[in-house]
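Residue numbers (the working numbering): 267 to 544. What follows is a short report on a single structure.
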């Protein structure tokens with residue numbers, strides 16, 4: 267999982283930065299800043315940034331530009347600091363982060379990034395000892411997703427559950443959450459689809475079963491920031507569909523990318539509405 271995640275992150279960063287360059291956002295000598303915010307990302311951000319940096323240089327040279335700068339973050343606070351300093355034009359963001367930042371940053375959805383095992387497409391409450399969600403409520407719930415309570419309560423739970431329904435056991439790593447429920451340290455756990463896929467690979471994971479699952483959520487959005495030139499945004503969006511074709515298709519597949527495609531934002535309307543309902 268570690269190596270695969272780094273390759274996916276690097277490839278996403280390269281692809282979006284390459285598109286930004288092709289889209290005419292920068293003249294020669296300029297640097298196009300791109301943010302990749304993958305919350306709950308597995309692996310070291312510093313290591314992933316090394317992949318991003320080296321590949322940015324290669325792509326910039328291939329496109330005849332002097333530089334393209336991709337920044338990879340797994341924490342929203344660090345991403346906000348980067349945004350203030352670098353004013354990126356484009357980004358790929360976790361859905362919760364997009365919903366929280368969209369208004370203040372003037373974010374416009376231009377595409378979708380569908381990645382293999384990326385996580386965040388669906389959420390589950392799982393348990394070893396309980397058979398339904400009602401039995402888990404009021405009990406201990408391990409999760410590494412509790413840092414964004416509005417997203418969990420309003421979008422993921424969407425009327426079925428809130429974090430306040432449980433005694434939350436906060437974890438900091440995806441696998442740590444799984445181990446808490448496997449060991450019985452927590453009676454239930456809130457996990458995403460990537461963690462659900464990993465569960466079977468852990469000793470004792472077969473004893474844990476889902477008692478609730480959320481609606482399927484849209485993929486990580488590809489966004490244009492308010493700082494991006496309007497003409498560049500249009501070209502960037504139009505180029506998305508061609509990225510994973512031809513030789514690019516081999517690169518996407520090797521990096522675990524299923525598809526990059528343009529979007530009119532319709533797939534995100536329900537999540538946006540749920541996040542702004544209160």
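Using N, Cα and C, we set each Cβ at its ideal position, and we do this for glycine too.
Close beta carbons around residue 305, own chain, < 7 angstroms, minus the five adjacent residues each side: By 1-based counting over the chain shown, the position of residue 305 is 39. So the qualifying residues of the chain are 340, 342, 360, 362, 363.
Distance, residue 470 Cα to residue 447 Cα: Here residue 447 is taken as the residue at index 181 of the chain shown, counted from 1. Here residue 470 is taken as the residue at index 204 of the chain shown, counted from 1. When the Cα atoms are used, residue 447 and residue 470 turn out to be separated by approximately 10 angstroms.
Contacts around residue 426, its chain only, beta-carbon distance under 6 angstroms, and the 5 residues preceding and following it disregarded: The residue given as residue 426 occupies position 160 in the chain shown. Counting only Cβ-Cβ distances below 6 angstroms, and skipping sequence neighbours, we find nothing.
Stretch pair the region 373–383 + the region 480–495: three plus CB contacts closer than 8 angstroms: Using a Cβ-Cβ distance cut-off of 8 angstroms, the region 373–383 and the region 480–495 are in contact, since at least three pairs of beta carbons, one from each stretch, lie closer than that value.
For residue 423, the nearest candidate out of 496, 480, 538, 442 (CA to CA): Along the chain shown, one-based indexing puts residue 423 at 157. When each option's Cα is compared against that of residue 423, the closest is 480.
Residue burial classification, residue 271 (beta-carbon count within 10 angstroms, cutoff 16): Your numbering for residue 271 matches position 5 in the chain shown. Confidence is the limiting factor: at residue 271 the pLDDT is only 45, short of 50, which leaves the residue's position unreliable, though a coordinate-based value still follows. So residue 271 ends up on the buried side.
Own chain, CB closer than 7 angstroms to residue 531, minus 5 neighbours either side, in chain order: What you label residue 531 is simply residue 265 of the chain shown in a count that begins at 1. Around residue 531: 375.
Cβ shell of residue 431 (< 6 angstroms), same chain only, five flanking positions each side left out: Indexing the chain shown from 1 puts residue 431 at position 165. Within its own chain, the residues whose Cβ lies closer than 6 angstroms to the Cβ of residue 431, once the five positions on either side in sequence are excluded, are 403, listed in chain order.
Complete beta strand (DSSP E) runs within the region 393–468 (minimum length 3 residues, chain order): Within the region 393–468, the complete beta strand (DSSP E) segments of 3 residues or longer fall at 406–409, 433–436, 454–458, listed in chain order.
Cβ-based neighbour list, residue 443, same chain, cut-off 7 angstroms, excluding 5 preceding and 5 following: Residue 443 sits at position 177 when you count from the first residue of the chain shown. Excluding sequence neighbours, residue 443 sits near 408, 409, 410, 437, 455, 457, 461.
For residue 360, the three-state DSSP class (helix, strand or coil): In the chain shown, the residue the question calls residue 360 occupies position 94. Residue 360: coil per DSSP, three-state reduction.
Close Cβ partners of residue 459 (< 7 angstroms) along its chain, the five nearest in sequence each way excluded: Against the chain shown, residue 459 aligns to sequence position 193. Closer than 7 angstroms at the Cβ level, and outside the excluded window around residue 459, lie 385, 387, 388.
Bounding residues of the beta strand (DSSP E) (the contiguous stretch that carries residue 540): Taking the chain shown and counting its residues from 1, the one referred to as residue 540 is at position 274. Judged by DSSP secondary structure, residue 540 falls outside any beta strand (DSSP E) and instead within the alpha helix (DSSP H) spanning 535–541.
Length of the line joining the Cα atoms of residue 534 and residue 365: Translated into positions along the chain shown, residue 534 becomes position 268. Translated into positions along the chain shown, residue 365 becomes position 99. Going from the Cα of residue 534 to the Cα of residue 365 covers about 10 angstroms.
Check whether residue 372 and residue 492 have beta carbons under 8 angstroms apart: Taking the chain shown and counting its residues from 1, the one referred to as residue 372 is at position 106. Taking the chain shown and counting its residues from 1, the one referred to as residue 492 is at position 226. Yes, the pair counts as a contact, with Cβ atoms nearer than the cut-off.
Residue 475 versus residue 528 - alpha carbon distance: In the chain shown, counting from the first residue as 1, residue 475 sits at position 209. In the chain shown, counting from the first residue as 1, residue 528 sits at position 262. Looking at the two C-alpha atoms, the distance is approximately 36 angstroms.
For residue 339: DSSP bridge partner residues: Position 73 of the chain shown, counted from the start, is the residue given in the question as residue 339. DSSP, once it has assigned bridges, lists 303 as partnering residue 339.
Supposed contact pair residue 406 and residue 435 - C-beta distance, whole angstroms, cut 8 angstroms: On the chain shown, residue 435 is found 169 positions in, with the first residue counted as 1. On the chain shown, residue 406 is found 140 positions in, with the first residue counted as 1. The Cβ separation is near 5 angstroms, so the contact holds.
Residue environment, residue 449, which counts as buried when at least 16 other CB atoms sit within 10 Å: By 1-based counting over the chain shown, the position of residue 449 is 183. That one is exposed.
Option in 418, 420, 464 with minimal Cα separation from residue 383: In the chain shown, counting from the first residue as 1, residue 383 sits at position 117. Closest in alpha carbon position to residue 383, among 418, 420, 464, is 464.
Three-way DSSP call (helix, strand, coil) for residue 321 in this model: Here residue 321 corresponds to residue number 55 of the chain shown, with the count starting at 1. Confidence at residue 321 is low in this model, with a pLDDT of 37, below 50, so its placement is unreliable and no value can be given for it.
Which of helix, strand or coil DSSP assigns to residue 376: On the chain shown, residue 376 is found 110 positions in, with the first residue counted as 1. Judged by DSSP in its simplified three-state form, residue 376 adopts strand.
Candidates 433, 393, 392, 506, of which the one nearest residue 357 by Cα: Looking up residue 357 in the chain shown gives position 91. It is 506 whose Cα lies nearest to the Cα of residue 357.
Local conformation of residue 524 per DSSP, three classes: As a working note, residue 524 is residue 258 in the chain shown. For residue 524, the secondary structure class from DSSP, reduced to helix, strand or coil, is strand.
Contacting residues, own chain, Cβ-Cβ under 6 angstroms from residue 433 (five flanking each side not counted): One-based indexing of the chain shown puts residue 433 at position 167. 406, listed in sequence order.
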